[in-house]
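Quick notes on the structure that follows.
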Amino acid sequence: MSRKEEYEQKAEALLSPIVESNGFELVDVEYVKEAGNWYLRGYIDKPGGITVNDCETVSRAFSDRLDEDDFIEDSYIMEISSPGLDRPLKKEKDFARSIGKLVEIRTYRTIEKQKEFCGELTAYDNNSVTIDEEGTPRTFDKKDIALVRLAIDF
Numbered sequence: 607m608s609r610k611e612e613y614e615q616k617a618e619a620l621l622s623p624i625v626e627s628n629g630f631e632l633v634d635v636e637y638v639k640e641a642g643n644w645y646l647r648g649y650i651d652k653p654g655g656i657t658v659n660d661c662e663t664v665s666r667a668f669s670d671r672l673d674e675d676d677f678i679e680d681s682y683i684m685e686i687s688s689p690g691l692d693r694p695l696k697k698e699k700d701f702a703r704s705i706g707k708l709v710e711i712r713t714y715r716t717i718e719k720q721k722e723f724c725g726e727l728t729a730y731d732n733n734s735v736t737i738d739e740e741g742t743p744r745t746f747d748k749k750d751i752a753l754v755r756l757a758i759d760f
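Numbering (this note's numbering) for the sequence shown: 607 to 760.
Set out below in structure tokens:
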């Protein structure tokens, strides 16, 4: 297990009870380096959406827990936020919640001269994702997918 994965797992274990005790859902935890800084991010959600006050409540409690169990060696910036409207689908529960919704799929390699696809999510399993693209079913191997996210339909 990489240091990044270890930090994400430990952070998730500390953050989950805080998020659940507030009636929220922990969508994802990531530890990433951007523009020379490390970020530890927790993404939370609830029906109707997350407010700034929700993020502040979780952030304060999580910060206290991180101070008690200081397991990250590097300096980092901790953030708690909503996953946003166009959040990526990563976990099984994300796919289950999104059945019947419009999604965008980006592939690592070109398939039929394109890398971006959009359609209604109709099925998924451990190995594949299927969308209905204007009446045509299209199945992708998960290993070929760079990103799956909810499409924003204006």
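The beta-carbon is built from N, C-alpha and C at its ideal position, and this holds for glycine as well.
Computed from a predicted model, the values in this text were never measured in an experiment.
Judged by beta-carbon spacing, Gly-725 lies beyond the 8 Å limit of Arg-755, meaning their Cβ atoms are not closer than that value. The alpha-carbon of Gly-706 is positioned some 37 Å away from that of Ala-641. Straight-line spacing of the CA atoms in Gly-629 and Ser-669 works out to 19 Å.
Counted as a single uninterrupted DSSP element, the stretch harbouring Ala-619 is not any beta strand (DSSP E) but the alpha helix (DSSP H) occupying residues 609-627.
Where Arg-703 is concerned, the enclosing alpha helix (DSSP H) starts and stops at 698-704. Ala-667 sits in a helix when the DSSP states are folded into three classes.
Under a 10 Å Cβ-count criterion, Ile-656 is classified as buried, with 16 or more other Cβ atoms of the shown protein chains found around its own Cβ. Apart from sequence neighbours up to five positions away, the residues of its chain that approach Leu-621 with a beta-carbon distance below 7 Å are Leu-632, Val-635, Gly-648 and Phe-668, ordered along the chain.
For Asn-733, there is no enclosing beta strand (DSSP E), since its DSSP letter is neither H nor E. Taking the Cβ atoms as the reference, Thr-713 lies roughly 7 Å from Phe-746, within the contact range of under 8 Å. The alpha-carbon of Asn-643 is positioned some 42 Å away from that of Glu-740. Taking Glu-614 as the centre and dropping the five residues before and after it, the same chain places the C-beta of Val-635, Glu-636 and Tyr-637 closer than 7 Å to its C-beta, in chain order.
For the set Glu-722, Ala-619 and Asp-750, the Cα lying nearest the Cα of Leu-672 is the one of Ala-619.
Leu-695 places its beta carbon less than 8 Å from that of Val-709.
With a cutoff of 8 Å on beta-carbon distance, Thr-728 and Thr-736 are scored as near each other.
Separation of Ser-704 and Arg-693 (C-alpha to C-alpha, rounded to the nearest whole angstrom) is 11 Å.
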